[in-house]
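Each residue of the sequence shown is one higher than the one before, starting from 579 at the first, in this note's numbering. What follows is a set of notes on a single structure, which appears directly below.
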Amino acid sequence: MKKIGVIGAGTMGFGISFYFAIKGIQTHVVDVSEEAIATAKDKFNTYFQLFKESGYPLKFSEKESKAFINYSTSLEDLKDADLIIESATENLEIKQEIFKTLDEIAKPDAILTSNTSSLKLSDIALHVTKHRKQLLLTHFFNPAQIIPLVELLALEETSPEVLEKVKAFFESIDKSPIIVHKEIPGLVANRIQVALAREALALLENGIVSKEDLEKTLYDGPGFRFSASGLLKIIDFGGLDVWLIVLKNLQKEIESSEREYSSISTLVEKNHLGVKNGKGFFEYPGKGFDEYVLQRDSELLKHLIHTRY
């Protein structure tokens, strides 16, 4: 993988391309918006300094890293890319048009992938014919420049060698790829996250716990354990016989209905949308959205360095 193409310079596209660049991989970012490209360039400076100050093991200087990344507004500039990752807006028609174009202009052995988690790869690649064996879903977890996880999904037509090649590539640059064996909405990580949110919000709305203690519960309880191992090892340490009883007793008690959560909908009605406008479940005064994101990412980066390097 000597040259990577990334389509989209927004939140996910930036994170993906930034990570490749600091790993010394020639990366070309395409976006229809010159403004988005300018923003991505500014963010590169900010995040390089954050990584440097946090003690992340950078192999290249800022100047060298910047030399690995280029920007433009034309998909034609990706015609010689080995791997192309589409991270455009979550609009099926737009993505289909992008993949149709890529199928025409990309070199014959190029691997075409999408970063989507809400749309089906089979739908996105509906008009792809020439690169049918080189289609993959490569779903990064936000922020992509920090979170190690990448979910990989192949279509039936996808060559097994292509899947293994991409998996090995991500492993070689310190990402943590998993293989999703069936095309399902939300893939794996987001489905687990939504299941957790459903029960947590039900506990909040049913008056079982305050929002402050709910945060503390997750942060200092399950979240604390998850920082050291996955769920199945937690079950192993707890004892499968014990967990069998716990599952039998609690499954019928936990939230399983499909419903609207008033704790969120009421806030949305009041235009309390979270960090982006200063108030959600909690208040975020005195700083803009980007400052709060940078603060969050700084904490995530410290955790990454502590657990991986």
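By construction, the Cβ of each residue, glycine as well, lies at the ideal position given by its N, Cα and C atoms.
Counting along the chain, Y597 sits inside the alpha helix (DSSP H) bounded by residues T589 to I600.
Per DSSP, the unbroken beta strand (DSSP E) holding K581 starts and ends at K581 to I585. Using a Cβ-Cβ distance cut-off of 8 Å, the region 592-604 and the region 832-848 are not in contact, since fewer than three pairs of beta carbons, one from each stretch, lie closer than that value.
Residue range E612 to S632 is occupied by the alpha helix (DSSP H) that includes T624. Separation of E793 and H606 (C-alpha to C-alpha, rounded to the nearest whole angstrom) is 40 Å. Within its own chain, the residues whose Cβ lies closer than 7 Å to the Cβ of F748, once the five positions on either side in sequence are excluded, are V728 and P755, listed in chain order. The Cβ neighbour count for D609, taken over all protein chains shown within 10 Å, is at least 16; the residue is labelled buried.
In the structure shown, P726 adopts coil according to DSSP, grouped into three states.
Around the beta carbon of D814, a 10 Å sphere encloses fewer than 16 other beta carbons of the protein chains shown; the residue is thus reported as exposed. Of the other Cβ atoms in all chains shown, fewer than 16 fall within 10 Å of the Cβ of K641; this residue is therefore exposed. Restricted to the region 834-876, the alpha helix (DSSP H) segments that are unbroken, complete and at least 4 residues in length are 840-847, listed in chain order. When only Cα atoms are considered, K619 and E783 end up about 42 Å apart. Distance between K830 and V824, taken at the CA atoms: about 11 Å. L699 and I647 have their C-alpha atoms spaced approximately 27 Å apart. Taken through DSSP and simplified to helix, strand or coil, A703 comes out as coil. Excluding sequence positions up to five before and after L879, its CB lies within less than 6 Å of the CB of S632 and I724, all in the same chain and listed in chain order. For F718, the enclosing beta strand (DSSP E) stretches over residues L713 to F718. Rounded to whole angstroms, the gap between the alpha carbons of I762 and I615 is 32 Å. For T795 and F802, the gap between their C-alpha atoms comes out near 9 Å. Contact holds between the region 707-726 and the region 674-690, because three or more Cβ pairs, one in each stretch, are under 8 Å apart.
D681 is classed as buried because its beta carbon has at least 16 other beta carbons within 10 Å across all chains shown.
Put simply, the region 736-750 does not touch the region 766-776. Fewer than three CB pairs are less than 8 Å apart. In the DSSP assignment, L661 falls outside any alpha helix (DSSP H) and lies within the beta strand (DSSP E) extending over L661 to E664. In the three-state reduction of the DSSP assignment, Y887 falls in the coil class, being assigned neither a helical nor a strand state.
Going by DSSP, L690 is part of the beta strand (DSSP E) stretching over I689 to S692.
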